[in-house]
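These protein sequences, in sequence, are chains R and B.
Be aware that the first sequence starts at 1, since it is given in the numbering used here, and climbs by one per residue.
Be aware that the second sequence starts at 1001, since it is given in the numbering used here, and climbs by one per residue.
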Amino acid sequence: MKKTVKRGYIVNSAVIAAVYALCIVLAATLGREGSFKLILAPSIWQCCYLILLASSLNLVLGFMGQLSLGHCGFMAIGAYTAALISLAFQRAGAYDDKSGPVFLAILFLCIISAGLLAAAFGVLVGIPALRLKGDYLAIITLGFGLIIENVINNLPFAGQNGLAEGSAAASLYATGLGFGSTDRVTYLWAGIGVTIISVALMFMFIRSKYGRAVRAIRDDEIAASASGINTGYYKVLTFAFSAFFAGIAGALYACCNSSLSTASFSFTNGSILNSTFVVVMVVLGGMGSLTGSVVSAVIMFILNYQIANGAWVDALPGFIQGVFTYPMLVYAVVLIVIIMFRPKGIFGTYEFSILKTPGDLVRLFKRQGRGKKSAGKEAAAQ
Amino acid sequence: MGEFLQTLFVGLRLGSVYALIALGYTMVYGIVRLINFAHGDFIMVGGYTLIFTVPLMTAAGMPAWLAVVIAIAVCALVGVLVELIAYRPVRRKGTNMTALITAVAMSLFLENLAQAIPAIGPNPIIAGQFFASGGFRVAGVTLDYITTYTIVVSAVVMLLLYVFTQKTKMGRAMRCVSEDKSAAILMGISVNKTVLSTFAIGSGLSAIAALMYVAQYPKVYTTMGSLLGLKAFVAAVAGGIGIVPGAMLGGVVIGLVESFTTSYINSSLTDTFVFLILIIVLLIKPAGILGKNVGEKV
């Protein structure tokens, strides 16, 4: 590893750790307040799984250049795995209330196994990816997502009405992972921590030898294989790796929701959590920029939340309010406009780094200033 | 035997509707190499046009199904507009991937635009009757009129389409553009005009499919085209996308798989089997049943 790269890793992880610690302390002090407990903490949980979902899809879509339209299927696998494992432990009497080291161990076991099972299915999807690409692969992944949804609905122990049906009298909320509002604040550190570690792992993956190989496959598959890259191996690996983090996102989803239903993980639905919308987030942030995925997931969440609940919406003229009743309409137009005028997304392939970003920002502003000045000169000359 | 025949007829009926929709997918894909995800939503447009024009037709003393003529015109117009406003500018600048994402966005847009229109709204609308009920008995099973009409009409439409692509000047231009775009330009074919007419014809076909589908399941809602379109697309890919007879074959295969799964295995697992068939077909023949595997040139 080069010395500058190493220094970058050390500085960035130190700063992130400090910010993380600050957040946790803030959460611990603010945690008893009503609005933090009821609004901010659930929002942070939702941001966490959206971030994970978007950045894990970016590995396949942005870095490998293969469109996957069934990404929420992996999330569904993760969510159901985590929920069912925790329910099984609860019924075996391993824990009663959601506290203590045993529950913590089970929580992390659930998260890890959700990721692993999703990764196993990722390998299954990756195998068709060896023979197919582009449009054909997109349709296979779409079909795979639908199959997962359909099969889970038909499982006797998961059921169409979420986990309430078929799993004795126990709904997820009371006994399994599903956190109430107090638990959401208590375990906020776990959710944020898991998200930070996962994004860091993905970042390291794309910067490593593996990531370079994957990007080479995206740019020119034939040239990559001629240079000795085993394209099949890397494709399956990336699919599995991406599915792993989608599974973890699913586990986080199972933690912060009171019930599960496959409708939340379908191809399209009314909310912002579906396979199509994850693609929107990745494209908006920039295909090939994890920073972009993280930022656009958060932006999209805030926008969606504000359109649905914000007080300022009531102050708008009636026509715009009418349009905002159908936020998906707005997002579709935004997506089309972005594709037309900035196909690279907000960030393109740019990645955030504490050492470089301030300098880059200064340069960006300087260049814009110069652009304005020269434009002014031209106008004066005319 | 009776149940088998009944299932077979249901499968053929479903298959004919899928084939009509799949034709639209396959023609557009053949000519611009783009999966038109919004195609399923053209069915929804057709369905709503039928709902609104059938009362006019009956008031004018004409049979209800004649409304399909207006539906075809509206669908063709929507198809042409989508191509002009969204697909063409993106295709000129972007890659295949950006075009595909635009198509997904367009589908989202149409579905939600329909919901935002006050006359349509988010709730399903129940359609009236298009054809006389009843039917005739064949070998111990009742073959109702709707099933017969569906199968016959789509067979005729497909035959016409086949003759059109093989014999007419415009049809030959379409095949030419899909084979080699730059050679087509050199031969004096206007590519843009050809692409537009392909979109118009493909979308018009989806209006006929909407008539047949709504006649059987009289409920129209904004997301009705979503799953229907996906299955039809599966049919087009399974048969070999870009090939007109492939879409017909694929449609019938998917329809039969669906109806036989429903009656002999489990009605709630039909989607799984439909997509499993697709995955199996693509793994064995990556270009579809009738498709030819073309090696990649460096």
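Don't be surprised by glycine CBs; every beta carbon is placed ideally from N, CA and C.
Would you kindly report the start and end of the unbroken alpha helix (DSSP H) that includes F121 (chain R)? 100 to 131
Helix, strand or coil for F179 (chain R), going by three-state DSSP, please let me know. coil
Label Q1166 (chain B) either buried or exposed according to how many other C-beta atoms from any shown protein chain fall within 10 Å of its C-beta, with 16 as the threshold for buried. exposed
Alpha carbons only, please: which of R:N274, R:G143, R:K235 is nearest the one belonging to M300 (chain R)? R:N274
Starting from the beta carbon of N150 (chain R), find every residue of chain B whose beta carbon is closer than 7 Å, and list them in chain order. L1269, D1271, T1272
Please confirm if Q1115 (chain B) has its CB atom under 7 Å from at least one CB of chain R. yes
Return the CA-CA distance between L1227 (chain B) and Q1115 (chain B), expressed in angstroms with no decimal places. 17 Å
Compare the C-alpha of T4 (chain R) against each of R:K366, R:R367, R:I354 and name the closest. R:I354
Starting from I320 (chain R), find everything on chain B with Cβ-Cβ shorter than 9 Å and list it in chain order. Near I320 (chain R) there are no residues of chain B at all, since even the closest Cβ is about 12 Å away, more than 9 Å.
Closest by C-alpha distance to L61 (chain R), when choosing among R:G143, R:N257, R:F241, R:F324: R:F241
Of all the alpha helix (DSSP H) runs that stay within the bounds of the segment 221 to 264 of chain R, which reach a length of 4 or more residues? 221 to 226, 231 to 256
Identify, in the order they occur along the chain, each residue of the same chain with its Cβ nearer than 7 Å to the Cβ of F1131 (chain B), setting aside the five sequence neighbours on each side. W1065, Y1145, I1146, Y1149, A1215
Is L1290 (chain B) closer than 7 Å to I1243 (chain B) when the C-beta atoms are compared? yes
Using DSSP's beta-bridge definition, name the partner residues of I1125 (chain B). B:V1220
When DSSP builds the beta bridges, which residues end up paired with V1141 (chain B)? B:V1138
Inter-residue spacing [alpha-carbon to alpha-carbon] between G1246 (chain B) and A1076 (chain B): 23 Å
Around the C-beta of Y80 (chain R), are 16 or more other C-beta atoms found within 10 angstroms, so that it is buried, or is it exposed? buried
S1263 (chain B) versus L1008 (chain B) - alpha carbon distance: 10 Å
Helix, strand or coil for P1245 (chain B)? Go by DSSP, reduced to three states. helix
Does D135 (chain R) come within less than 7 Å of chain B when only Cβ atoms are used? yes
Quick one: which chain R residues come within Cβ less than 7 Å of A1086 (chain B)? I336
Just checking: is the beta-carbon of S167 (chain R) within a distance shorter than 7 Å of some beta-carbon in chain B? Here the model assigns S167 (chain R) a pLDDT of 45, short of 50, so the residue's position is not dependable and the matter cannot be decided.
Below 7 Å CB to CB, which residues in the same chain sit around I196 (chain R) once its five sequence neighbours on both sides are set aside? I16, Y20
Per-residue burial, V1152 (chain B) [other beta carbons within 10 Å of its own, 16 or more giving buried]: exposed
Chain R contacts made by the segment 1221 to 1241 of chain B, where a contact means CB separation under 9 Å: T1223, S1226, L1227, L1230, F1233, V1234, V1237, I1241
Once the 5 residues before and after M281 (chain R) are set aside, which same chain residues still bring their CB inside 6 Å of it? A54, S296, A297, M300
G1128 (chain B): which of B:V1281, B:E1083, B:L1056, B:G1288 sits nearest, CA to CA? B:L1056
is_contact[L1108 (chain B), chain R] using C-beta, thresh 7 Å: yes
With 9 Å as the limit, tell me which residues of the segment 19 to 51 of chain R have their beta carbon closer than that to any beta carbon of chain D; keep them in chain order. Going by chain labels, chain D is absent from the structure shown, which instead holds the protein chains R and B.
Among the residues of its own chain, which have a CB less than 8 Å from the CB of L1282 (chain B), if the five just before and after it don't count? V1237, A1238, G1288
May I ask you to verify whether the segment 278 to 293 of chain R touches the segment 98 to 108 of chain R, counting CB pairs closer than 8 Å and requiring at least 3? no
When you compare only the Cα positions, how much space is there between L38 (chain R) and S181 (chain R)? 6 Å
Burial state of G1079 (chain B) (16 or more Cβ within 10 Å): buried
I'd like to know if I1347 (chain B) contacts chain R, where contact means its C-beta is closer than 7 Å to some C-beta of that chain. Nothing can be reported for residue 1347 (chain B): it is not among the residues displayed for chain B, which extend from 1001 to 1298.
Thinking C-alpha only, which one of R:L30, R:F267, R:V294, R:A216 is nearest I346 (chain R)? R:V294
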